[in-house]
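K.L.:
Per the working numbering, the sequence shown starts with residue 25, numbered consecutively.
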Amino acid sequence: MRLRDGARAIVLDEADRILLVQFTFPDLSLWGTPGGGIDAGEGHEQAIIRELMEETGLEGIELGPWVWSRTHIFPSPDGRWDGQRDRFFLVRTRRFEPAPQFCAEELELEHVTAVRWWTQAELAASQELFAPRRLPELVTELLRAGPPHEPLDVGD
25 MRLRDGARAI VLDEADRILL VQFTFPDLSL WGTPGGGIDA GEGHEQAIIR ELMEETGLEG
85 IELGPWVWSR THIFPSPDGR WDGQRDRFFL VRTRRFEPAP QFCAEELELE HVTAVRWWTQ
145 AELAASQELF APRRLPELVT ELLRAGPPHE PLDVGD
């Protein structure tokens, strides 16, 4: 199985709102954390810095701890990968207005259709599909208990 490595950011502002990206594919739409695959020559930190600039416009981050892991199987649209192994890192920031550096065509190629802040109440009440699926509960637990001592496997 061909799995690529990925890096994702759990971006939380001073009011514990989380910044999520809507990814839209032909057969589904879901909300997930900003991030993506690691390019050749990059590490997880460099990938997160790049992905946050591309998808949200956020720059000058201080990368927090690696808190979650997730391996998910899905065929990439180009057929190069069978899935991805993601590491999720905590990023604290002041609230900002998302302004992706990618143009509309580049965002479409990345399947990004929206970027917005969510309150904890909005997450808990939403009927939207999230990735990971238990994202609302996972964020609640992260805020309640703080970062885990070892990264948690958060499933699909």
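All residues carry an ideal CB built from backbone N, CA and C; glycine is no exception.
1. On a Cα-Cα basis, can you pick out the residue from SER93, ARG118, ILE97, PRO122 that is closest to GLU174?
2. For THR95, which residues in the same chain have their Cβ closer than 6 Å to its Cβ, ignoring the five residues on either side in sequence?
3. Whole angstroms are fine: how far does the CA of ALA64 sit from the CA of GLN70?
4. With DSSP as the reference, please indicate the residues paired to THR48 in a beta bridge.
5. If we count Cβ pairs, one from each stretch, closer than 8 Å, do we get three or more for the region 155-173 versus the region 73-82?
6. Provide the residue span of the alpha helix (DSSP H) that contains GLN151, from first to last.
7. Just to confirm the assignment, what range does the alpha helix (DSSP H) spanning ILE72 have?
8. Return the Cβ separation of ARG41 and ARG119 in integer angstroms, given the expectation that the two are a contact with Cβ distance under 8 Å.
9. Going residue by residue through the region 82-166, where are the continuous alpha helix (DSSP H) segments of at least 4 residues, counting only ones entirely within it?
10. Should PRO172 go down as buried or exposed, given a rule of 16 or more other Cβ atoms within 10 Å for buried?
11. From the DSSP output, in three-state form, read off ARG26 for me.
P.N.:
From the atom records:
1. SER93
2. ARG109
3. 11 Å
4. SER53
5. no
6. First-last for GLN151: undefined, no H or E at that position.
7. 68-80
8. 7 Å
9. 128-133, 144-149
10. exposed
11. coil
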